[in-house]
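Right, one structure below, let's go through it.
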Amino acid sequence: APEAVASDAATVLWTFGSVAARASSSGANAQSMVTVSHQFDGLMEHCCKILLMTVDDLVEVREVEHTEAKMDDLMDRLEQVDEEEEGDDIIKKLERADHADDGEQKSVSTAILEKDDNVAARTTKADRPPLLLLDHLSPKDLANALWSLAVYDTTAPHSREEESTEVEDALIDAIASRIVTLLEQDVALLEEEQQSEDEEDEIVAMEKNINKDDSGVGVVIQIQEEQGDVNSNGGDISMLDSHSQKMDSEPDIDNVVSIVKVPTAPSMSRTEETISLIPTEEVEAKEELLDDGETLVLDATAILASMAEDEAQQKLPEDRAADVLDSHVPLQSTPLPDTPSLHFPCRPAFSSRDLASILWALAERGHPSSLILDLSLRLLVGRGDAAEALGGADLANLAWAVARGTRSRRSGKAALEEVERLRRQDVRKVLEQVASSASERCEWLVGNPDATPLEGGEDWNPQDLSRLVWSLAFCSLNNLEPGAPVDPILSHLVQTAIEVAGSRLNKFSVEDLMRIVWAFARTCNLHRIKHRTRTIATLGRIYGTIWSLLIQWENGQMNAAPSTTTASSFGLSLHADDVRGRLGTRRSRGRPPAGLPPAAGARTISTDDLPVEPATLCKGAWALARLTEKLPHVRGGQDLIRVAARIFGASSDDGRLLRRTSPRDLVRLVYAVAKTGRSGRENLQEVGRSLATAMVELLNDRGARALEALLPWDIAWLWWSFGELGVEYDTQLKIRPKLTQEQMNQLTPATSAQLLWGIVAIGDLSNYELISDLLSVLELKLISFSPTDMARTFYSIEILRQHSMDAISESSIDHAAPHLQDCTNPADPNDTRIPLDNDATSDAARDLYTRCNRLAKLMGAEVQRTAPRYSAAQMRRVLQSYVSMPLQDDQTVNALGDEAARRLAAVLEEAGRGVEAEDASASGEGGEELGVPSLRPDGMGSVRTAEELLRDVEEGATFELGKCLELVEAYRRIEFESGKRKNRLENVRRRILGHFLPDRFS
1 APEAVASDAA TVLWTFGSVA ARASSSGANA QSMVTVSHQF DGLMEHCCKI
51 LLMTVDDLVE VREVEHTEAK MDDLMDRLEQ VDEEEEGDDI IKKLERADHA
101 DDGEQKSVST AILEKDDNVA ARTTKADRPP LLLLDHLSPK DLANALWSLA
151 VYDTTAPHSR EEESTEVEDA LIDAIASRIV TLLEQDVALL EEEQQSEDEE
201 DEIVAMEKNI NKDDSGVGVV IQIQEEQGDV NSNGGDISML DSHSQKMDSE
251 PDIDNVVSIV KVPTAPSMSR TEETISLIPT EEVEAKEELL DDGETLVLDA
301 TAILASMAED EAQQKLPEDR AADVLDSHVP LQSTPLPDTP SLHFPCRPAF
351 SSRDLASILW ALAERGHPSS LILDLSLRLL VGRGDAAEAL GGADLANLAW
401 AVARGTRSRR SGKAALEEVE RLRRQDVRKV LEQVASSASE RCEWLVGNPD
451 ATPLEGGEDW NPQDLSRLVW SLAFCSLNNL EPGAPVDPIL SHLVQTAIEV
501 AGSRLNKFSV EDLMRIVWAF ARTCNLHRIK HRTRTIATLG RIYGTIWSLL
551 IQWENGQMNA APSTTTASSF GLSLHADDVR GRLGTRRSRG RPPAGLPPAA
601 GARTISTDDL PVEPATLCKG AWALARLTEK LPHVRGGQDL IRVAARIFGA
651 SSDDGRLLRR TSPRDLVRLV YAVAKTGRSG RENLQEVGRS LATAMVELLN
701 DRGARALEAL LPWDIAWLWW SFGELGVEYD TQLKIRPKLT QEQMNQLTPA
751 TSAQLLWGIV AIGDLSNYEL ISDLLSVLEL KLISFSPTDM ARTFYSIEIL
801 RQHSMDAISE SSIDHAAPHL QDCTNPADPN DTRIPLDNDA TSDAARDLYT
851 RCNRLAKLMG AEVQRTAPRY SAAQMRRVLQ SYVSMPLQDD QTVNALGDEA
901 ARRLAAVLEE AGRGVEAEDA SASGEGGEEL GVPSLRPDGM GSVRTAEELL
951 RDVEEGATFE LGKCLELVEA YRRIEFESGK RKNRLENVRR RILGHFLPDR
1001 FS
């Protein structure tokens, strides 16, 4: 039968998927996985072809197989014939055998056709497509077959992932189409149930209003529940006239009260509930009233049975299915239904576990199935507490599928569409249910450190836990909207996951730990984490584990491939060209070059056995950079970022690893290197420059389309990173960002300031249109600027004003008169350069100059209001910009000068108290003071007293504050009308000369 053949094929697919999942989770080596893949490839393809067959194709195959079997049987008979028999007898025997075989074959074909008469009739219709064998599968088998195809492709070697067969893709499309039909039926059933519930709620509300009405018009039905069995009335429902119970008069048909007595369980208490309102016309139409004083008897047994059936239909089936990717997949076939049907109108076709499995499979295969995702989310939201019935692996699969979505396109527009999808209300509700359910289970793991569910138990394994927290962190509003508040439930879940991973580090891989660390950096409030010593200690152990595993892999690469001369630094292997790069020259502006050409014979490393996905490695590097900035006392983050940058930089010759990674992830890696490269470690800076050079080459090769996959804040981070790493526009970088004002409005104030600084730092100062639009956007965001953003923007304004002034002065020169050398040399006819429009350039430069002055005035007013929030270094940078431009703003400069003088006086007063106490304790017998310099320790000891630390801080603050006061004096010596600057010793010179020439220098 077609049902049996389809079920067998689905069972075989599920078995292959289970074996592949078990081999992957048990840590099988690559060679064994290749062997299993080669053995199963042909069988998987054959099963897919069977499910894609129609019933007619199956009948034809059966007939051919039956004919071939009979021919083999005839050949065996011929061999058994006695050689002594005559030829005529042999021919007669063969003819009789042929007639018998033809009759048997016709009977078998007739039986098959009669059995599948209904299906064959549908296939002959021109207006309907032919039914496939997979259409005879139950919903459970459809979910398991789809899961099997996804898990087999996911766990297969890389060679097979690139050669995915067309048969599997066609089968997945057919299964997805069938699932859409069943999901639409489930959604329709759910909407009917919700509509009936809403109608009941409306009726209850109406009855309550009628009960409050004194007129008493209407009919009220009350259900009185009693303990035990039905009373002596035999379970009948009696409809009595309410007036006849109170007084002996004629029954009033307009007011009829029906009391229904329903037997309940012994534990239930006696309650009364108003359930329905039956108008008099409906009572007269459906039931025949008897004479006055008589009772209308109804059958209560049938009514109770109908109510029980309705209640059973509302319950959702939550049968456990073998549809999750974990290490405890049972190696047994999924139970098949006895009577498969093509429609399931009586109950939901898919349980919550089936939905999680289907969504995970489609996400892993990259199937563009947005309709399936939307329908599944509607079902999960409608079922309310569906997440509570899911196991740990199911929760991880569901969150992973929602986070990945449909990633078939990689463009900025597609990324924005994904962001809008994750903001939808149904998505937020499902994710909240998943986070709440997962948080309770993780708390149980923290409270039971001896429990071992992560070894393959019922709820969790390391991969599931890491995928769960990563998915929830990726979908969080804090990640989708920079600057959004932290979700407390998700933050608590991620902190709990950190503790679980820290107590069981030997069970987590580099991939899992990187995901958890990224989720921790993305979702937690790091200002509060500073005071949680237990979490900080756990984070340090995780750092050490990741570092040791990556170094182990890197050392294996060093030993496996021939390498050039290496040098050891910080426990890591460095190439000789890296050491040579550290001795390179520096540019005049103080920034190092963007990269050095690789030395001859430099090798590239192999990333085939990299223990972490490149995308996860980039995200982990970004998380480590953020944690290093917010939690500087947690060591190890810079070394991990250096290893990640080296992996991408060493494999950048062929560009394979860079092209395998999405542009957004590469931006995160470059940003992490630039963020931590300012600490002064030369090895990290050189590796970062090499990575920046590779990134610039990749962008130049792809052109402007390389920026289409980036969001506005990704472009801002990338340009800021290029500025920090010393990339120069035009000589290295050949492309420009194109952002509209609408896209710029999506940037946070800090990101906007970073974008402006990056454009200025790389030297793209002639991009007047982009810079002007960006300055207009910054004017609206000044109120939210931090002191760091304000100081960075002041520096950018200083450079832009000077550039615009130079452009204006150059455009004012008369270029119409030819130079002497131009008169002797004729014009080159092959010169295709476009002449510059000096008038347009001058107008753009003047507009830019005006915008810079206006923005500087607005920034000055904001600095006056927030001057106490600025540190000494930030005040110095702002004052330096005012002196260098120069720009007259006396109120702002005076406010910063007064703040610096006040702080300097306080520091000197506190420092004097400390010196007196220290001198008093360090005086000799004769009362001679030893002095502060003699108290400082000799050598490079690491033990320092609190007084020494305080003195270092005071000395640094004193220097910065003194520099601020000096800049204020330099500002006051500027003559803004003439643009001249007076010498700081001008007054002293005039006083000295006044002694000799009193008439001239009074």
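Here the sequence shown stands for residues 1 to 1002, where the numbers follow UniProt numbering. Backbone N, C-alpha and C fix where the C-beta goes; we use that ideal spot for every residue, glycine too.
**Study point:** Classification of residue 541 by the beta-carbon crowding that lies within 10 angstroms, buried from 16 upward
**Key:** Locating residue 541 in the sequence shown gives position 541, counting from the first residue. Looking at its Cβ environment, which holds fewer than 16 other Cβ atoms inside 10 Å, residue 541 is exposed.
Review point. Who are the near neighbours of residue 539 in its chain, counting only those whose CB is closer than 7 Å to its CB and skipping five residues on each side?
Key: The sequence position of residue 539 within the sequence shown is 539, counting from 1. The residues 498, 634, in chain order, have a CB closer than 7 Å to that of residue 539 in the same chain once the five nearest residues on each side in sequence are set aside.
**Study point:** Span of the alpha helix (DSSP H) around residue 1071
**Key:** This structure gives no information on residue 1071, because the portion of the chain shown stretches from 1 to 1002.
Review point. How would you label residue 879, buried or exposed, when you count the other beta carbons within 10 angstroms and need 16 or more for buried?
Key: As a first step, residue 879 must be located in the sequence shown, where it is residue number 879. Classification for residue 879: buried.
Review point. Do residue 967 and the ligand NAD come close, with the Cβ less than 8 Å from some heavy atom?
Key: With respect to the ligand NAD, the structure offers nothing, as it holds no ligand at all.
Point to revise | Backbone secondary structure at residue 731 - three-state DSSP | key: Residue numbering aside, residue 731 sits at position 731 when the sequence shown is read from its first letter. In this structure, residue 731 counts as coil in the three-state DSSP scheme.
Review point. Any idea if residue 394 is buried or exposed, counting beta-carbon neighbours within 10 angstroms, 16 or more meaning buried?
Key: Taking the sequence shown and counting its residues from 1, the one referred to as residue 394 is at position 394. Buried is the call here.
Point to revise | residue 781 - containing alpha helix (DSSP H), residue span | key: For the purposes of this step, residue 781 is identified with residue 781 of the sequence shown, where counting begins at 1. Residues 768-781.
Check your understanding: So, is the C-beta of residue 354 closer than 9 Å to a C-beta in chain E?
Key -> The chain labelled as chain E is not found in the depicted structure, where only one protein chain is given.
**Study point:** Beta-carbon proximity list for residue 349, same chain, < 6 Å, skipping 5 on both sides
**Key:** Here residue 349 is taken as the residue at index 349 of the sequence shown, counted from 1. Hits under 6 Å: 139, 182, 186.
Point to revise | Delimiting residues of the alpha helix (DSSP H) encompassing residue 514 | key: Position 514 of the sequence shown, counting from 1, holds the residue named residue 514. Following the DSSP letters along the chain, one finds residue 514 inside the alpha helix (DSSP H) bounded by residues 510-523.
Practice item. Just mark residue 745 as buried or exposed, buried being the case when its beta carbon has 16 or more other beta carbons within 10 Å. Key: For the purposes of this step, residue 745 is taken as residue 745 along the sequence shown, with counting starting at 1. Answer is exposed; the Cβ neighbour count stays below 16.
Check your understanding: Buried or exposed: where does residue 384 fall if 16 or more other Cβ atoms within 10 Å of its Cβ makes it buried?
Key -> Position 384 of the sequence shown, counted from the first residue, corresponds to residue 384. Its Cβ having fewer than 16 others within 10 Å, residue 384 is exposed.
Point to revise | the stretch 785-792 touching the stretch 758-771, judged by at least three CB pairs closer than 8 Å | key: Contact fails: fewer than three Cβ-Cβ distances are below 8 Å.
Check your understanding: Shortest alpha-carbon distance to residue 761 belongs to which of 797, 748, 844?
Key -> Counted from its first residue, the sequence shown places residue 761 at position 761. Comparing Cα-Cα distances from residue 761 to each of 797, 748, 844, the minimum goes to 797.
Check your understanding: Out of curiosity, what's the CA-to-CA distance linking residue 864 and residue 488?
Key -> Indexing the sequence shown from 1 puts residue 864 at position 864. Indexing the sequence shown from 1 puts residue 488 at position 488. Rounded to the nearest angstrom, the two C-alpha atoms are 36 Å apart.
Point to revise | Distance CB(residue 512)-CB(residue 463) smaller than 9 Å | key: Translated into positions along the sequence shown, residue 512 becomes position 512. Translated into positions along the sequence shown, residue 463 becomes position 463. A contact, by the Cβ cut-off of 9 Å.
Review point. Which residue or residues does DSSP assign as beta-bridge partners of residue 54?
Key: In the sequence shown, counting from the first residue as 1, residue 54 sits at position 54. Looking at the DSSP assignment, residue 54 forms a beta bridge with 132.
Check your understanding: Between which two residues does the alpha helix (DSSP H) carrying residue 467 extend?
Key -> Along the sequence shown, read from residue 1 onward, the residue named residue 467 stands at position 467. Note, residue 467: alpha helix (DSSP H), 462-475.
**Study point:** Per-residue burial, residue 616 [other beta carbons within 10 Å of its own, 16 or more giving buried]
**Key:** Stepping through the sequence shown from its first residue, residue 616 is reached at position 616. By the neighbour-count rule (16 or more Cβ atoms within 10 Å), residue 616 is buried.
Exercise for review: Go ahead and label residue 898 buried or exposed: buried means 16 or more other beta carbons lie within 10 angstroms of its beta carbon, across all protein chains shown.
Suggested key: Looking up residue 898 in the sequence shown gives position 898. By the 10 Å Cβ count, residue 898 comes out exposed.
Practice item. Measuring alpha carbon to alpha carbon, tell me which of 669, 754, 376, 434 ends up nearest residue 392. Key: Numbered from its first residue, the sequence shown carries residue 392 at position 392. When each option's Cα is compared against that of residue 392, the closest is 434.
Exercise for review: If I'm right that residue 136 touches residue 6 with Cβ under 8 Å, what's the distance once you round it to whole angstroms?
Suggested key: As a first step, residue 136 is located in the sequence shown; it is residue number 136 there, counting from the start. As a first step, residue 6 is located in the sequence shown; it is residue number 6 there, counting from the start. Confirmed, Cβ separation roughly 5 Å.
Practice item. Could you name the residues that DSSP lists as bridge partners for residue 429? Key: As a first step, residue 429 is located in the sequence shown; it is residue number 429 there, counting from the start. In DSSP, residue 429 forms no bridge with anything.
Check your understanding: If you count every other CB in all the chains shown that lies within 10 Å of the CB of residue 3, and 16 or more means buried, which is it?
Key -> Residue numbering aside, residue 3 sits at position 3 when the sequence shown is read from its first letter. Buried, since its Cβ has 16 or more Cβ neighbours within 10 Å.
Check your understanding: Mind checking residue 995: buried by the 16 CB within 10 Å criterion, or exposed?
Key -> On the sequence shown, position 995 is the one that residue 995 refers to. With fewer than 16 Cβ atoms within 10 Å of its Cβ, residue 995 is classed as exposed.
Check your understanding: Looking at C-alpha atoms only, which residue of 732, 733, 666 is the closest neighbour of residue 710?
Key -> For the purposes of this step, residue 710 is taken as the residue at position 710 of the sequence shown. It is 666 whose Cα lies nearest to the Cα of residue 710.
Exercise for review: Give the DSSP-derived three-state secondary structure of residue 697 in the structure shown.
Suggested key: As a working mapping, residue 697 is identified with position 697 in the sequence shown. DSSP places residue 697 in helix when its eight states are reduced to three.
Exercise for review: Could you name the residues of the same chain whose beta carbon sits closer than 7 Å to that of residue 494, not counting the 5 residues immediately before and after it, in chain order?
Suggested key: Here the question's residue 494 lines up with position 494 in the sequence shown. These residues qualify, in order along the chain: 469, 473, 519, 520, 523, 524.
Practice item. Tell me whether residue 738 sits in a helix, a strand or coil according to DSSP, three-state version. Key: Within the sequence shown, residue 738 is the residue found at index 738, counting from 1. Residue 738 falls in the coil class under three-state DSSP.
Practice item. Hey, could you find the ends of the alpha helix (DSSP H) residue 714 is sitting in? Key: Working through the sequence shown from its first residue, we reach residue 714 at position 714. That run of the alpha helix (DSSP H) goes 712-724.
**Study point:** Pairwise C-alpha distance: residue 721 and residue 961
**Key:** Start at 1 with the first residue of the sequence shown, and residue 961 comes out as number 961. Start at 1 with the first residue of the sequence shown, and residue 721 comes out as number 721. Their Cα atoms are separated by approximately 30 Å.
**Study point:** Assigned secondary structure, residue 3 (DSSP; H/G/I helix, E/B strand, else coil)
**Key:** Residue 3 sits at position 3 when you count from the first residue of the sequence shown. Residue 3 falls in the helix class under three-state DSSP.
Exercise for review: Using DSSP bridges, identify the partner residues of residue 974.
Suggested key: Counting from 1 along the sequence shown, the entry for residue 974 is found at position 974. Looking at the DSSP assignment, residue 974 forms a beta bridge with 981.
Check your understanding: On the three-pair Cβ rule with 8 Å, is the stretch 655-665 touching the stretch 639-646?
Key -> no
Check your understanding: If you draw a straight line from the alpha carbon of residue 712 to that of residue 188, how long is it in whole angstroms?
Key -> Here the question's residue 712 lines up with position 712 in the sequence shown. Here the question's residue 188 lines up with position 188 in the sequence shown. Using only the alpha carbons, I get a separation of about 40 Å.
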